[in-house]
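J.: Numbering (the working numbering) for the sequence shown: 40 to 327.
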Amino acid sequence: MKKFNELARKEDYPQESSNIPRSKPRYSENENEMIYENWWNPKLRKDLSQRFGRKISALRSQFCRILKEKGISNTDYYKFMRAKYQTQTPKEILADDEDQLILEIFAKHQVLGGTRNEACFELQRLMKRKISEAALKLRFYRLVQKRSLSEDEINSLGRDVLKRSGVKIPEAPLLNGKEIPSIGLDKASIGKEKKMSKIATTDEQPVVSAESDKKKSAPLHSFAPESEERKSTFLYQLAHLPEALQQLEERVGFLEDSQKRQLDLRGFIEHLLAVERDLKQEEKFLKE
Numbered sequence: 040m041k042k043f044n045e046l047a048r049k050e051d052y053p054q055e056s057s058n059i060p061r062s063k064p065r066y067s068e069n070e071n072e073m074i075y076e077n078w079w080n081p082k083l084r085k086d087l088s089q090r091f092g093r094k095i096s097a098l099r100s101q102f103c104r105i106l107k108e109k110g111i112s113n114t115d116y117y118k119f120m121r122a123k124y125q126t127q128t129p130k131e132i133l134a135d136d137e138d139q140l141i142l143e144i145f146a147k148h149q150v151l152g153g154t155r156n157e158a159c160f161e162l163q164r165l166m167k168r169k170i171s172e173a174a175l176k177l178r179f180y181r182l183v184q185k186r187s188l189s190e191d192e193i194n195s196l197g198r199d200v201l202k203r204s205g206v207k208i209p210e211a212p213l214l215n216g217k218e219i220p221s222i223g224l225d226k227a228s229i230g231k232e233k234k235m236s237k238i239a240t241t242d243e244q245p246v247v248s249a250e251s252d253k254k255k256s257a258p259l260h261s262f263a264p265e266s267e268e269r270k271s272t273f274l275y276q277l278a279h280l281p282e283a284l285q286q287l288e289e290r291v292g293f294l295e296d297s298q299k300r301q302l303d304l305r306g307f308i309e310h311l312l313a314v315e316r317d318l319k320q321e322e323k324f325l326k327e
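#1: Measuring CA to CA, which of E68, S67, I95 is closest to N80?
#2: Suppose the cutoff is 8 angstroms on Cβ atoms and the five residues either side in sequence are ignored; what does the same chain contact list for E289 look like?
#3: Between K147, R104, G153, which lies nearest to K118 when the distance is taken from Cα to Cα?
#4: With 16 as the cutoff for other CB atoms within 10 Å, does H310 come out buried or exposed?
#5: Using the C-alpha atoms, what's the distance from R300 back to L294?
#6: Suppose contacts are defined by Cβ-Cβ distances below 8 angstroms. Is L142 in contact with L106 by that definition?
#7: Counting only runs of 4+ residues fully inside the segment 117 to 171, write out the alpha helix (DSSP H) ranges in chain order.
#8: Shortest alpha-carbon distance to F145 belongs to which of P64, K123, L177?
#9: Report all residues from its chain with a CB closer than 8 angstroms to the CB of S112; omit the five preceding and five following residues, and keep chain order.
#10: Quick one: what's got a C-beta closer than 6 angstroms to C200's C-beta in the same chain, skipping five residues either side?
#11: Measure the CB-CB distance between E282 and A173 and report whether it falls below 8 angstroms.
#12: Using a Cβ-Cβ cut-off of 8 angstroms, state whether I308 counts as contacting chain B.
#13: According to DSSP, is L106 helix, strand or coil?
#14: Count the other CB atoms within 10 Å of the CB of N156; is the residue buried (16 or more) or exposed (fewer)?
#15: Shortest alpha-carbon distance to S204 belongs to which of I170, L133, D191?
#16: By DSSP, does I95 sit in helix, in strand, or in coil?
#17: What is the rounded straight-line gap between the Cα of K234 and the Cα of L87?
#18: Would you call the CB atoms of R198 and L151 closer than 8 angstroms?
#19: For D252, is the classification buried or exposed, using 16 other Cβ atoms within 10 angstroms of its Cβ as the cut-off for buried?
#20: Use the C-beta contact count for L224: other C-beta atoms within 10 angstroms, 16 or more gives buried, fewer gives exposed.
#21: Helix, strand or coil for Y66? Go by DSSP, reduced to three states.
#22: Excluding sequence positions up to five away, which residues of its chain have a Cβ less than 7 angstroms from the Cβ of L175?
#23: Going by DSSP in three states, N77 sits in which element: helix, strand or coil?
Shown next as structure tokens:
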């Protein structure tokens with residue numbers, strides 16, 4: 040019994056530490072610098088994710104660590120980065136059509152990594168008339184759906200607006216102020232990977248049953264993430280709520296006023312009829 044109660048020695052355990060997969064290596068100095076210089080740009084974030092082979096969430100947490108080390112707040116970082124590229128777009132460069140103007144300003148701020156509210160402020164300044172932020176956002180979402188614009192098309196429109204105003208946005212991630220082109224896979228390597236995947240599937244076919252083949256062939260659209268169009272419709276519906284409530288209140292007030300007028304008219308008509316009756320009675324008395 041003593042043998043069972045005694046603690047086992049380390050030599051008795053199998054050495055499995057070498058077989059355990061290690062986590063990804065830490066970020067290098069160049070990678071940290073690239074994250075800091077390019078995080079403000081939504082397009083370059085995706086490029087960094089593909090380049091480093093890491094998720095956007097992992098890059099975001101690393102970006103927060105970098106800001107903490109540098110002692111910079113999130114708002115100060117975006118102000119500093121956008122100041123390099125963002126300028127007041129002259130009205131002469133922008134479109135005369137109001138719908139196109141709304142699209143151009145929202146697209147410009149999207150390329151710069153700005154917010155929808157910043158785009159609304161610039162539009163209110165350019166239009167020189169009172170339009171609520173909710174109404175501007177709603178018009179933008181409706182225009183995007185009406186013209187069926189994709190994210191790439193909106194970004195290209197924003198880049199075109201910035202290019203016309205003399206602002207150049209980097210196409211590739213920056214490192215120490217210089218663009219570093221993305222390292223993509225060659226066509227030959229992609230073809231090899233496809234061939235290898237085909238060979239692997241043919242080797243596994245005799246083992247796999249017919250039921251599993253049916254499961255593989257079944258569509259997986261139910262597990263797909265929510266599309267950007269659904270998100271945009273939900274967002275512009277939310278943005279439209281204050282304006283819709285205001286319109287409903289105005290309609291209710293208008294209906295109440297019209298009902299009051301109708302009641303006043305009915306009372307006036309009844310009063311006239313009563314006066315007419317009195318006059319007829321007086322005429323009868325006079326005749327008698």
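C-beta: ideal position from N, C-alpha, C; glycine also.
T.: In short:
#1: I95
#2: none
#3: G153
#4: exposed
#5: 10 angstroms
#6: no
#7: 137 to 150, 155 to 166
#8: L177
#9: L106
#10: The question names Cys, but residue 200 is Val in the sequence shown. The residues are E143, K147.
#11: yes
#12: The structure shown contains no chain B; it is built from a single protein chain.
#13: helix
#14: exposed
#15: L133
#16: helix
#17: At K234 the pLDDT is 44, less than 50, meaning the model places this residue with poor confidence; the figure from the coordinates comes in the next sentence. Between K234 and L87, the alpha-carbon positions lie close to 28 angstroms from each other.
#18: For R198 and L151, no; Cβs fall outside 8 angstroms.
#19: With a pLDDT of only 49 at D252, under 50, the local geometry of the prediction cannot be trusted, and no value is derived from it.
#20: For L224, the pLDDT reaches just 40, beneath the cut-off of 50, and the residue's location in the model is therefore unreliable, although a value from the coordinates is still provided. It is exposed - the Cβ of L224 has fewer than 16 other Cβ atoms within 10 Å.
#21: coil
#22: I141, C159, L162
#23: Helix at N77.
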